[in-house]
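**Student:** Have a look at this one.
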Amino acid sequence: MAQLDANGMEVEHESDSKDHSIVIINTCGFIDNAKQESIDTILQFAEAKKNGLVDKVLVTGCLSQRYASELKDDIPNIDAWFGTRELPRLLKTLKADYKHELLGERLLTTPNHFAYFKIAEGCDRPCSFCAIPLMRGKHVSTPMEQLVENAKSLAAQGVKELILIAQDLTYYGLDIYKKRKLAELLEKLSAVDGIDWIRLHYAFPTGFPMEALDVMREKDNICNYLDIPLQHASSRMLKSMRRGITREKTTQLIKDIRERVPGIAIRTTLISGYPGETEEDQAEMLEWVEEMRFDRLGVFTYSHEENTHAFKLEDDVPDELKQARAEEIMELQQSISQELNEKKVGRAYKVLIDRVEGDNFVGRTEFDSPEVDNEVIISAKEDYLRIGDFAKVKIEKADAFDLYGSLVQGT
Ligand code: SF4
């Protein structure tokens with residue numbers, strides 16, 4: 004988007020306006036649901052082009068990286084298809100120049116006060132179910148100096164919260180520095196003026212760099228928050244998934260993380276219905292979720308993806324059963340989340356205000372990431388706040404996935 008903008012084009016993210024002449028669809032090819040959503044969007048704009056509502060439709064991203072030849076045959080009305088590493092060719096198609104000096108520059112598609120901040124691309128892990136390395140290639144860390152410059156530039160634009168992402172955050176540095184460098188990167192980003200919160204998503208459990216947790220504990224502007232996808236509880240399933248970890252080691256890791264950063268909020272994601280998953284595995288998952296009491300949890304149903312290791316196994320859990328098992332885990336988590344949230348009632352938290360919705364302000368604490376975690380709802384009738392500001396909010400009511408509060412006077 005920054006490249007197109009620098010070439011004098013007007014660029015809008017998810018525009019509702021009817022006068023856009025060129026549409027670029029950035030697709031996802033990760034699992035069935037994401038692929039379907041991408042295909043529906045492509046079909047919708049292919050139809051819009053047929054009806055003369057748009058001039059050109061270009062498709063880029065993971066789905067077209069993975070399935071371009073099939074898609075070209077099936078959906079003829081698209082002007083051009085691009086893979087994940089073809090930005091210069093995409094720009095050329097639009098008669099725009101690729102400008103090296105803009106590397107790392109971007110137009111934000113999030114509210115001005117937070118930004119997703121990608122520190123590496125690709126993945127070297129062997130997880131059996133995962134198609135991401137097929138689409139994104141090997142892990143490539145972005146050099147630290149460049150990330151610090153990017154963070155400064157975002158802070159100068161008003162960004163207060165950096166949400167660190169990568170396919171595998173904990174591998175950061177191993178390729179270019181021959182050493183895991185997440186802790187050092189966190190120290191450096193934490194020193195950037197204007198960055199009030201740094202949040203960590205997508206940490207891989209095996210080989211977790213524990214020293215990163217010391218930096219988290221010591222630096223006020225690194226949120227006590229960790230998103231660590233764990234995928235399953237059963238050691239048998241974890242072995243088949245090639246995760247390099249057992250149930251016992253995972254449990255110990257979570258205990259160690261909680262000891263190292265007291266009060267940390269841990270988010271995880273799990274997979275239901277992996278090949279060969281039995282009722283005993285599901286029972287083990289439920290027992291373990293109960294024991295671990297994660298602050299946040301999401302469940303994906305297993306998606307059988309071509310060219311992955313797990314594709315050689317039989318996708319033997321019927322879709323309805325995958326769904327039922329996922330729902331069973333989510334129901335259990337709902338009661339855990341409810342209990343954990345109720346403990347927050349009566350306490351005051353620093354809240355970042357994300358948006359106004361109807362008569363309410365909606366914000367988040369340091370323990371919550373946008374879109375996936377709790378929101379804090381504050382009545383706009385009584386309190387006046389600004390989007391992007393921090394406020395001290397006392398929690399008055401809680402349900403499983405939201406908190407309700409009011410401004411602490413004098414803040
Ligand atoms: S670490 Fe994540 S992105 Fe990498 S292969 Fe495993 S599941 Fe896929």
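Each residue of the sequence shown is one higher than the one before, counting from 4 in the numbering used here. Using N, Cα and C, we set each Cβ at its ideal position, and we do this for glycine too.
Does the Cβ of P208 lie closer than 7 Å to at least one heavy atom of ligand 1?
**Tutor:** Indexing the sequence shown from 1 puts residue 208 at position 205. For ligand 1, not one heavy atom lies less than 7 Å from the Cβ of P208.
**Student:** So which of W200, D43, T304, D318 has the shortest CA-CA distance to A327?
**Tutor:** Translated into the one-based positions of the sequence shown, residue 327 becomes position 324. Considering only alpha carbons, the answer is T304.
**Student:** Verify whether the separation of the beta carbon atoms of V62 and I45 is less than 8 Å.
**Tutor:** Translated into positions along the sequence shown, residue 62 becomes position 59. Translated into positions along the sequence shown, residue 45 becomes position 42. Result yes, Cβ atoms of V62 and I45 sit closer than 8 Å.
**Student:** May I ask you to report which of helix, strand or coil DSSP gives Y174?
**Tutor:** Sequence index remark: in the sequence shown, residue 174 carries index 171 (1-based). Helix at Y174.
**Student:** Suppose contacts are defined by Cβ-Cβ distances below 8 Å. Is S340 in contact with F393 by that definition?
**Tutor:** Counted from its first residue, the sequence shown places residue 340 at position 337. Counted from its first residue, the sequence shown places residue 393 at position 390. No, the pair does not count as a contact, with Cβ atoms beyond the cut-off.
**Student:** Which same chain residues, not among the five before or five after R245, have their C-beta less than 7 Å away from its C-beta?
**Tutor:** The residue you call residue 245 lines up with position 242 of the sequence shown. Counting only Cβ-Cβ distances below 7 Å, and skipping sequence neighbours, we find P129, C130, S131, H312.
**Student:** Am I right that M138 and R69 are in contact with their C-beta atoms under 8 Å? What's the rounded C-beta distance?
**Tutor:** Walking along the sequence shown from the start, residue 138 turns up at place 135. Walking along the sequence shown from the start, residue 69 turns up at place 66. The pair is a contact, with the Cβ atoms about 5 Å apart (cut-off 8 Å).
**Student:** Using the Cβ count rule (16 or more neighbours within 10 Å means buried), how would you classify N54?
**Tutor:** Within the sequence shown, residue 54 is the residue found at index 51, counting from 1. By the neighbour-count rule (16 or more Cβ atoms within 10 Å), N54 is not buried but exposed.
**Student:** Looking at Q170 and ligand 1, is the gap between the Cβ and the nearest heavy atom below 7 Å?
**Tutor:** In the sequence shown, residue 170 corresponds to position 167, counting from 1. Yes.
**Student:** My output table needs one value for C31: the three-state DSSP class, helix, strand or coil.
**Tutor:** The sequence position of residue 31 within the sequence shown is 28, counting from 1. Here C31 sits in coil by DSSP.
**Student:** If you compare alpha carbons, which of D217, E294, G266 is closest to E475?
**Tutor:** Any answer about residue 475 is impossible in this case: the structure gives the chain only from 4 up to 414.
**Student:** What do you reckon, is the C-beta of C1 under 7 Å from a heavy atom of ligand 1?
**Tutor:** Nothing can be reported for residue 1, as the shown portion of the chain is limited to 4 through 414.
**Student:** According to DSSP, is C133 part of a helix, a strand, or is it coil?
**Tutor:** Translated into positions along the sequence shown, residue 133 becomes position 130. Here C133 sits in coil by DSSP.
**Student:** Looking only at its own chain, which residues have a Cβ that is under 8 Å from the Cβ of L289, when we skip the five neighbours before and after it?
**Tutor:** By one-based count along the sequence shown, residue 289 stands at place 286. Within the same chain, L289 has close Cβ partners E331, I332, L335.
**Student:** Identify whether D8 lies in helix, strand or coil by the three-state DSSP scheme.
**Tutor:** Indexing the sequence shown from 1 puts residue 8 at position 5. Correct three-state label for D8: helix.
**Student:** For ligand 1, I want to know if C133 counts as a neighbour, meaning its beta carbon is within less than 7 Å of at least one of the ligand's heavy atoms.
**Tutor:** Working through the sequence shown from its first residue, we reach residue 133 at position 130. Within the cutoff, so yes.
**Student:** Ordered along the chain, which non-local residues of its own chain (more than five positions away) have a Cβ less than 6 Å from that of L192?
**Tutor:** For the purposes of this step, residue 192 is taken as residue 189 along the sequence shown, with counting starting at 1. Cβ neighbours of L192 beyond the five flanking positions: A154, I201.
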